[in-house]
Amino acid sequence: MTAELLVNITPSETRVAYIDGGILQEIHIEREARRGIVGNIYKGRVSRVLPGMQAAFVDIGLEKAAFLHASDIMPHTECVAGDEKKNFIVRDISELVRQGQDLMVQVVKDPLGTKGARLTTDITLPSRYLVFMPGASHVGVSQRIESEAERNRLKAVVAAYCDELGGYIIRTAAEGVGEDELASDAAFLKRLWTKVIERKKRNKTRCRLYGEVALSQRILRDFAGAALDRIRIDSRLSFEHLLEFTGEYIPEMTAKLELYTGKQPIFDLFDVENEIQRSLDRKVELKSGGYLIIDQTEAMTTVDINTGAFVGHRNLEETIFNTNIEATQAIARQLRLRNLGGIIIIDFIDMNNEDHRRRVLHSLEQALSKDRVKTGVNGFSQLGLVEMTRKRTRESIEHVLCQDCRVCKGRGTLKTVETVCYEIMREIVRVHHAYDSDRFLVYASPSVGEALKSDESHALAEVEIFVGKQVKVQVEPLYTQEQFDVVMM
Numbered sequence: 001m002t003a004e005l006l007v008n009i010t011p012s013e014t015r016v017a018y019i020d021g022g023i024l025q026e027i028h029i030e031r032e033a034r035r036g037i038v039g040n041i042y043k044g045r046v047s048r049v050l051p052g053m054q055a056a057f058v059d060i061g062l063e064k065a066a067f068l069h070a071s072d073i074m075p076h077t078e079c080v081a082g083d084e085k086k087n088f089i090v091r092d093i094s095e096l097v098r099q100g101q102d103l104m105v106q107v108v109k110d111p112l113g114t115k116g117a118r119l120t121t122d123i124t125l126p127s128r129y130l131v132f133m134p135g136a137s138h139v140g141v142s143q144r145i146e147s148e149a150e151r152n153r154l155k156a157v158v159a160a161y162c163d164e165l166g167g168y169i170i171r172t173a174a175e176g177v178g179e180d181e182l183a184s185d186a187a188f189l190k191r192l193w194t195k196v197i198e199r200k201k202r203n204k205t206r207c208r209l210y211g212e213v214a215l216s217q218r219i220l221r222d223f224a225g226a227a228l229d230r231i232r233i234d235s236r237l238s239f240e241h242l243l244e245f246t247g248e249y250i251p252e253m254t255a256k257l258e259l260y261t262g263k264q265p266i267f268d269l270f271d272v273e274n275e276i277q278r279s280l281d282r283k284v285e286l287k288s289g290g291y292l293i294i295d296q297t298e299a300m301t302t303v304d305i306n307t308g309a310f311v312g313h314r315n316l317e318e319t320i321f322n323t324n325i326e327a328t329q330a331i332a333r334q335l336r337l338r339n340l341g342g343i344i345i346i347d348f349i350d351m352n353n354e355d356h357r358r359r360v361l362h363s364l365e366q367a368l369s370k371d372r373v374k375t376g377v378n379g380f381s382q383l384g385l386v387e388m389t390r391k392r393t394r395e396s397i398e399h400v401l402c403q404d405c406r407v408c409k410g411r412g413t414l415k416t417v418e419t420v421c422y423e424i425m426r427e428i429v430r431v432h433h434a435y436d437s438d439r440f441l442v443y444a445s446p447s448v449g450e451a452l453k454s455d456e457s458h459a460l461a462e463v464e465i466f467v468g469k470q471v472k473v474q475v476e477p478l479y480t481q482e483q484f485d486v487v488m489m
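Here the UniProt record's numbering is used: the first residue of the sequence shown is 1, the next is one more, and so on.
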């Protein structure tokens, strides 16, 4: 089974599709207008020191001066235990920096409104499995890697890569990763830091030394060491940039790059465009005739499984079991494709057989093992729901591509015609009590206006008798179903 990346480039947007076995597994989208500067490294100059705020303003070449607090001028403390951190004392800002001084800083927060960017001098460079800490001499391990044996293994492997340039933090994604991938990441980060130092020596102040790479380069960095057969790019300019990028930082991937020159759009090759559209639907059809319902809320994502048209061949218990097993594969793919993170609750069809429940859970864990993002399955709860988590790494595809409907305001439902008609009648009575008028004119949507003139005409007539005034209805074709106005005449 082949695996490849399709890179679609337009001036304002970059999209990358990960195809495995001919099926879309992941989609990544980045729009130029929404790219931030978090992670960028600058050579800046202190323009003002504010002892009263224990902070300084630093000119890094942006429209607004950036903000550097005394607490952000600290040595690497990411891997230090909580008790030890108390020993680090924040010194007075006047002792740490002076006006006119040149500093190498990294952006930790984008400019917002009237505020400039937030900076730190505690610079880090991330890759897929490691974070490089210039000047540090130790190795830290993510707290989310819980196995002590695995923590010790990773620490022993990565310790060999520490030298006078710096140390490393081992990221959660490194759990279970082999030595070759870790060595590749460490070498990549050292090359990157060397380039930053060279630029610092070569360039004047108020300039960018390192920018968080664009999506196409970030994806190649994150897929370094993955079993990819080829990477197809539909832009000659981007293809040349990626050739240069891989040649400098990931030479083992250069041979996999291909310039796509086909006549049909690159995303039509594996039906990617249609798959993106389907990933926005609540309902996901299963091959057997069953289906999933996926609802993304603020607090969590819920997945409901139904047998639908699948009636099975033996008995109800087998039908339910087979539907749930098929659903585990679909769920794992949909979580990756939609990039759903946080708490995920799965409502499998109820199973009375304990062996069936165990096998469904195992099937889900096996399907999730292919996910590049860390997941955790907590098993069936007392209510028969499977609780799991998936690390949030970026916005879900729905949040990137969609916004709340201005008609339903994100509810996903509309008030019925009948409900709106009754609201209009109550509004007429309210206005009648509040103001003097001779008659009322109601502006409503076509569906509501039609109902007021037909199905609800008797109720509207009773309102006219109650208020003792004439009510006229006028249809407004551009009004939405919930929109109406009651005007005094």
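Beta carbons are placed, not taken as given, at the ideal position from N, Cα and C, and that holds for glycine.
Nothing here was measured: the structure is a model prediction, and the numbers come from that model.
With the cut-off set at 8 Å, would you say residue i and residue j are in Cβ contact?
i, j, result
"residue 490", "Ile19", "The first residue shown for the chain is 1 and the last is 489, placing residue 490 beyond what the model contains."
"Ile424", "Val467", "no"
"Asn8", "Ile266", "yes"
"Glu398", "Arg359", "no"
"Val417", "Val448", "yes"
"Gln99", "Arg48", "yes"
"Tyr479", "Ser445", "yes"
"Phe484", "Tyr422", "no"
"Ile331", "Ile320", "no"
"Ser127", "Arg221", "yes"
"Gln334", "Ser396", "no"
"Leu189", "Lys200", "no"
"Leu192", "Leu125", "yes"
"Arg103", "Val58", "Note on residue identity: the sequence assigns Leu, not Arg, to residue 103. Result yes, Cβ atoms of Leu103 and Val58 sit closer than 8 Å."
"Met300", "Ile344", "yes"
"Val272", "Ala17", "yes"
"Leu24", "Phe270", "yes"
"Ala3", "Asp229", "yes"
"Ile169", "Gly211", "no"
"residue 534", "Ile294", "Examination of residue 534 is not possible in this model, given that the chain is present from 1 through 489 alone."
"Arg390", "Leu340", "yes"
"Thr261", "Leu243", "no"
I'd like to confirm the pairing. Which residues does DSSP put opposite residue i in its beta bridges?
i, result
"Lys8", "Going by the sequence as given, residue 8 is Asn instead of Lys. In the DSSP output, where bridge partners are listed per residue, Asn8 has Arg15."
"Gln470", "Arg439"
"Met133", "Gly167"
"Val272", "The partner list for Val272 (beta bridge, DSSP) is empty, contrary to what the question assumes."
"Glu252", "The partner list for Glu252 (beta bridge, DSSP) is empty, contrary to what the question assumes."
"Val38", "Bridge partners of Val38: none, in fact."
"Val139", "Tyr168"
"Gln20", "A small fix is needed here, since residue 20 is Asp in this sequence, not Gln. Asp20 pairs with Ala3 and Ile23."
"Pro126", "Val131"
So residue i is in the alpha helix (DSSP H); what residue range does that whole segment cover?
i, result
"Thr246", "Arg236 to Tyr249"
"Glu285", "Where Glu285 is concerned, there is no enclosing alpha helix (DSSP H), although the beta strand (DSSP E) it sits in stretches over Lys283 to Glu285."
"Lys95", "In the sequence as displayed, the identity of residue 95 is Glu instead of Lys. That run of the alpha helix (DSSP H) goes Ile93 to Leu96."
At which residues does the beta strand (DSSP E) containing residue i begin and terminate?
i, result
"Asp59", "Ala55 to Asp59"
"Ser47", "Ile41 to Leu50"
"Gln106", "Asp102 to Lys109"
"Leu68", "Ala66 to His69"
"Asp485", "Phe484 to Met488"
"Ile305", "Met300 to Asn306"
"Asp295", "Tyr291 to Gln296"
"Leu119", "Arg118 to Thr120"
"Glu26", "Ile23 to Arg31"
"Arg230", "Arg230 to Ile233"
"Arg208", "Cys207 to Tyr210"
"Leu215", "Note, Leu215: premise wrong, no beta strand (DSSP E); alpha helix (DSSP H) at Leu215 to Asp222."
"Thr478", "Looking at the sequence provided, one finds Leu at residue 478 rather than Thr. Run containing Leu478: none; DSSP gives neither H nor E here."
"Glu258", "Leu257 to Leu259"
Taking 8 Å as the CB-CB cut-off, is residue i touching chain B?
i, result
"Ala330", "Of the chains in the structure shown, none is chain B; there is only one protein chain."
Between residue i and the ligand FAD, is the CB less than 7 Å from at least one heavy atom?
i, result
"Ile169", "Among the ligands in the structure shown, none appear at all, so the ligand FAD cannot be discussed."
The region 103–111 in contact with the region 29–39 per 3-pair CB rule at 8 Å | In this structure the region 103–111 lies against the region 29–39, because at least three pairs of beta carbons, one per stretch, are closer than 8 Å.
Those runs of the beta strand (DSSP E) which lie wholly inside the region 402–468 and span at least 3 residues | Within the region 402–468, the complete beta strand (DSSP E) runs of at least 3 residues are 439–444.
Write down every uninterrupted run of the alpha helix (DSSP H) in the region 328–413 whose length is 4 residues or greater and which is fully enclosed by it, in chain order.
-> Inside the region 328–413, DSSP marks whole alpha helix (DSSP H) runs of 4 or more residues at positions 354–368 and 397–401, from first to last along the chain.
Counting Cβ pairs closer than 8 Å, one from the region 150–168 and one from the region 124–138, do we hit at least three?
-> Result yes; three or more Cβ-Cβ pairs closer than 8 Å.
When the Cβ atoms of the region 42–52 are set against those of the region 355–374, are three or more pairs found closer than 8 Å?
-> Contact check between the region 42–52 and the region 355–374: fewer than three CB pairs, one atom from each, fall below 8 Å, which does not count as touching.
Does the region 370–380 come close enough to the region 443–461 that 3 or more CB-CB pairs lie under 8 Å?
-> Verdict: no, contact absent.
Which ranges would you report for the alpha helix (DSSP H) in the region 141–202 if only whole runs of at least 4 residues count?
-> Listed in chain order, they are 148–159 and 179–202.
contact_flag[the region 404–416, the region 471–478] where n(CB pairs < 8 Å) is 3 or more = As far as the Cβ criterion goes, the region 404–416 does not touch the region 471–478, which means the pair count is below three.
Determine contact between the region 146–156 and the region 189–197, defined as no fewer than three beta-carbon pairs at a distance below 8 Å.
-> Not touching, per the Cβ criterion.
Assess, as a yes-or-no matter, whether the region 114–125 is touched by the region 64–72 under the definition of 3 or more beta carbon pairs within less than 8 Å.
-> Result yes; three or more Cβ-Cβ pairs closer than 8 Å.
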